[in-house]
Amino acid sequence: MKTQQLIFSLLVLIFFACENGKRQDGLTDTQKKPSDDYIEEESDPIYAEHIRTSSFQHPEEEKNDFILPPGFDITLFASEPDITKPINMAFDEKGRLWVSQSSEYPIKAGPGKGTDRISILEDTNKDGKADKITDFANDLNIPIGIQPVKGGAIAFSIPNLYRFYDTNGDDIADKRELILGPFETKDTHGMVNNLFRGMDGWMHASHGFSNVSTVAGKDGDSIKMTSGNTFRFTLDGQHAEKTSDGRINPFGSDLDKWGYHYSADCHTLPIYQMIRDGNYTQWGKLEPNMGYAPTMMDYGLNSTALSGLVYYTDNQFPTEYQNSFYSGDVVTCRISRSTITFNGSSPKASRKADFLVSKDPWFRPVDIKIGPDGAMYIADFYNSIIGHYEVPLDHPERDRNSGRIWKITYKGQEKTPIDWSKGSFEFLIEKLNDPVLQTRMMATDELVDRFEDSAIPALAKLAADGNAPNIQKVQVLWALFRLDALKENVLEKALLDKDVLVRVHAQRILGEYHDFDNQKLEWLKKGLKDESAHVKRVAAETLIRNQNATMVSPILKALQEADEEDSHLKYALKYALFQHAQKPKIASEMASKDWSAAEKEIVALVFSDTKSKTAGEFLIKYLQNNDLGEDKFLAYLTSITRDLPASRMEGIIALAKEKGPKVPDFKKATALNNGVKQQGMDLPPALKSWNQSLSSEIFQKHPTNQASKSENDLDELKFAIQISGLLKISKSIPQIKQLVNDSQEKVELRTLAADALMEIAPQSQVDFLKSWMKDSNSSIGFRKKMAEAIAKANSNQSLTALVDGIMNSPMELQEFISTQLATTNTGKNQLLKLIKEGHAPARVLKGIQVEERFLSGASEKQKAAFAELKENLPPISDEKQTLIVQRTKGYQNDSSQLVAGKTLFQQNCGICHRIGDDGGMIGPQLDGVGNWGLDALATKVLDPNRNISENFRTYTIKLNNGQTRSGLFRREDGPVVVMADQSGKEFTIAKKDIDEQTPSNMTLMPDHFGNSLSQSQFNGLMTYLLSLR
């Protein structure tokens, strides 16, 4: 008996020990939980294919390939055939999920021919799956952004934003109103997306990749957006405003409790904390001296296909997964997680272990939303192809019917969604104090939209209640403001509240006003002095949009006191000061005030980005009285000559010579030249004279046969060469010819020299360059440069030289010379003659650049002859594809080639493409490009014009003098257009000289690597690119 009792007692102890060891997440203490930190792993090759070779899976099969942390469960909420290809999602006040879907994508339908739809999905029997699906609208054209509003929805469908009305309550739109548009839609893979309603009651949206849109509200005020931007508009379309400028393709947005807007950008970084009206990096932009708006993370997600972003503030997930960012990645088929810490008002992101990974490479999480039940909903654009330009838009393997919506919950903590449309007034007031931000915002919207002015008395009473919870106070303030019932004394009380969250939102509301009387200005000044960096930050952002001379000193003081680590606050203050400097009267006061040395330094920086005579005059005095580092000194010289008239040039040159004793004179002259160029002027006589003197001095200082040259020597020689060409300095010809003759010299320097000869004396120097173009001992690359220089002369003599050069030359050179000949009418005839007489193969006509230039402006007779010569040639795409297959079959991954491959990249690609912080910003950034895989990378390198992104399409520009130029559009800069050539070098064309510009079927990327790279070099380049994961 005692033995039995002992055994029983031991069993009881073991039982309770096990029970006590259980955790809420279902794991025992003895079970090891996976690490929360991100660990870099070798990318699975299944994610590298642009066209997935794995098989289509039905939803129940796809589900088995998901990997989630312990305790989480994923279920199918909806799928084909009930829905098609989901793009964006949003929840309405009844807890129903609205989904925009497109089978048309990526090729838009013709006007009035769209068949895409927006559907409403409901789970009526509460089994976790949509069982009632209603098509709200079914005649749309690639709808993306969607947000339900009372009585309908606001959504984008090419080319407009519409408000759809359901006037009879049957959940089918029976009326629509155009509220904003038309937007440009030449590129269909971003457009207007991820609509959300802000605390301000406005609708916020993102403007996607490549398109340039100018739209106006009903009040007539217009905004222009180039590629990535964010903007907001009133629900009736009365007014629209940009909320940021720049980035590439934003696709995903969310808010935190402070009211900060977080935005994903597919092509740069997965998460930004946006600064209102901030100026962000973008292809083609010229970075200001004060820099771009800052980032919040020093890592990417090894991809340029990031879609969807949520900041989880609900409580259905365990604590450790709350207050986390979740980002979708449609290439590596996962959802990543990041957390943040704050330095003042500036967030710093930390990457955590991926939240969800799919082993089915067709999984494409294009959007993520948190539902009213606290679950995560994922729009899965299930497809073997996701790339917009990496694969032809009309490729037959693009799936147009399959799509899924997945739902992730934490087991045992399911919540029931609230039907806000049935909530009583008292219930809604109570929910303003809910711990979940999304719940508080939904309650606020419902109160304002449904109860309108009748809600004001109760809200005003709550605002006056000193014991009201802080999160409730915040919502009450916003609700009163949106109802135009927020009294100044209530706002003032909130601005002075002891709780920082209340003060932050009170400052945000203050920023919504446009007329700032003395009282409001005093409140802003107090905001800049607040002990909280968040309050200061919001006040600074208000001053970006609202300028007043009395605020300059407080901004400067706040900027000097700001923590160096608080990058977002410092930028907001600097940018606020910059916006103040755009007002002539304020700028005049800023320039005349007696500032401290530290304050003058800040004002000078801001004025260096301000295009005004006042700014230029201030900078002259500043340079006279201060010694600056080289970079800043040169930047300020450029600003001065940009802002002041030519009559001031002698004094400016004297200042440049006097100051900056350690800065070489040629750099000073270059800075002054750049400023004049930005004005669209020729060099004034005084500056021209100084440039001539410097050029002569440099040639005397550096004998052209000098065996070894430093980087500074080379830079000086480049300056002397370019100035000699620009100013047609004939006495420099002997030295310049010696540089061309020096085969040991760098090709870049020899090419500059050749170009200069064609500018100085084209008639007399053509034969000299022709000898080098025909030199079989020189590289093909150099010979092409000589042909290009000869073509610039645009004369009968240069035409004769090109004709001579095409004979008995390698195919690559023949095709290049053919491109030069094809730009003029006489050249077209000569090219046809050469081919007919057998001096060049007809195959050159199939080069994309040759064909495009030849057919542009060709006569009917020339077109007929062109077609006849091309008739029996195989398509260029077939030849390219054969080459791609040969090269990929011959590829061997050899880590010993990594360094050689990197060097090849830096020499041929780095001037346009950036990896990490290295390289140019002409073409796409290539972080994570190794995930593309061998076939896709080989195709892009060997056949770059197969699929062209609109953002990288080149333009052929016909000038008034009959000449043509081609290049990639970068930006407009006052009276000139800035383009980039194939070497990544920028050049300018005066707008007044342009007759017409025509989009090309070519990208800027050279199309000669199939000929110029050996198999071994190709292998090295691929090895390097594939390592970038």
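For the sequence shown, this note's numbering assigns the number 14 to the initial residue and increments by one for each residue that follows.
Don't be surprised by glycine CBs; every beta carbon is placed ideally from N, CA and C.
Beta-carbon separation of residue i and residue j under 8 Å?
i: Thr901; j: Ala951; result: yes
i: Cys925; j: Gly936; result: yes
i: Tyr334; j: Ile381; result: no
i: Leu955; j: Lys893; result: yes
i: Phe149; j: Ile157; result: no
i: Leu1034; j: Gly914; result: yes
i: Ala669; j: Lys681; result: yes
i: Ser240; j: Asp290; result: no
i: Gln735; j: Asp986; result: no
i: Met824; j: His852; result: no
i: Lys486; j: Ala473; result: no
i: Ser449; j: Thr326; result: Note on residue identity: the sequence assigns Val, not Ser, to residue 449. Yes. Within cutoff.
i: Thr227; j: Lys121; result: no
i: Leu475; j: Ala468; result: no
Which term fits residue i, buried or exposed, when burial requires 16 or more other beta carbons within 10 angstroms of its beta carbon?
i: Arg413; result: exposed
i: Tyr293; result: buried
i: His527; result: exposed
i: Asp173; result: Reading the sequence as shown, one finds Asn at residue 173 and not Asp. Classification of Asn173: buried, given that the 10 Å Cβ count is 16 or more.
i: Gln757; result: exposed
i: Gly642; result: exposed
i: Leu509; result: exposed
i: Phe196; result: buried
i: Phe620; result: buried
i: Ile442; result: buried
i: Asn809; result: exposed
Within a Cβ cutoff of 7 Å, which residues of the same chain sit near residue i, ignoring the five residues on either side of it in sequence?
i: Gln160; result: Ala103, Ala166, Ile167, Leu208, Phe209, Arg210, Met216
i: Glu410; result: Ile64, Ser397, Ile398
i: Asn973; result: Asp1006, Asp1008
i: Ala388; result: Gln329, Lys420, Ile421, Thr422
i: Lys797; result: Leu826, Phe829
For residue i, which residues from the same chain have a beta carbon less than 6 Å from its beta carbon, with the 5 sequence-adjacent residues on both sides left out?
i: Leu1026; result: none
i: Val989; result: Gly693, Thr1001, Ala1003
i: Arg978; result: Ile970
i: Ala562; result: Ile599, Glu602
i: Leu89; result: Pro72
i: Arg176; result: Ile167, Glu190, Ile192
i: Ser363; result: Thr352
i: Met360; result: The question names Met, yet the displayed sequence has Pro at residue 360. Closer than 6 Å at the Cβ level, and outside the excluded window around Pro360, lie Gln286, Met309, Ile353.
The beta strand (DSSP E) with residue i in it runs from where to where?
i: Glu612; result: That residue, Glu612, is in no beta strand (DSSP E); its alpha helix (DSSP H) goes 610 to 621.
i: Ile167; result: 165 to 170
i: Leu406; result: Leu406 -> no beta strand (DSSP E), and no H or E assigned at all.
i: Leu369; result: 359 to 371
i: Val162; result: 159 to 162
i: Gly980; result: 977 to 986
i: Phe85; result: 85 to 92
Would you list the residues sitting across from residue i in a DSSP beta bridge?
i: Glu505; result: Glu505 pairs with nothing; no bridge assigned.
i: Phe494; result: Answer is none; Phe494 lacks a bridge partner.
i: Val228; result: Ile236
i: Lys587; result: DSSP output for Lys587 lists no bridge partner at all.
i: His217; result: Phe209, Arg245
i: His274; result: Leu268
Tell me which residues share the same chain as residue i and place their Cβ nearer than 8 Å to its Cβ, disregarding the 5 neighbours each side in the sequence.
i: Tyr275; result: Ser266, Asp267, Leu268, Asp269, Ile284, Tyr285, Gln286, Met287, Leu322, Tyr324, Phe338
i: Ile568; result: Leu541, Ala553, Leu556, Leu586, Ala589, Leu590, His593
i: Ile146; result: Ala91, Asp95, Ile96, Ser132, Ile133, Leu134, Glu135
i: Asp1; result: The requested residue 1 is not part of the displayed model; the chain covers only 14 to 1042.
i: Leu770; result: Gly738, Ile746, Ile749, Lys750, Val753, Gln778, Phe781, Leu782, Ala802
Could you please give the first and the last residue of the uninterrupted alpha helix (DSSP H) stretch that includes residue i?
i: Pro263; result: Taken as a continuous stretch (DSSP letters only), Pro263 belongs to no alpha helix (DSSP H), being part of the beta strand (DSSP E) at 263 to 268.
i: Lys474; result: 469 to 477
i: Ala628; result: 626 to 638
i: Pro747; result: 746 to 754
i: Ala880; result: 873 to 883
i: Ile665; result: 662 to 671
i: Tyr649; result: 643 to 656
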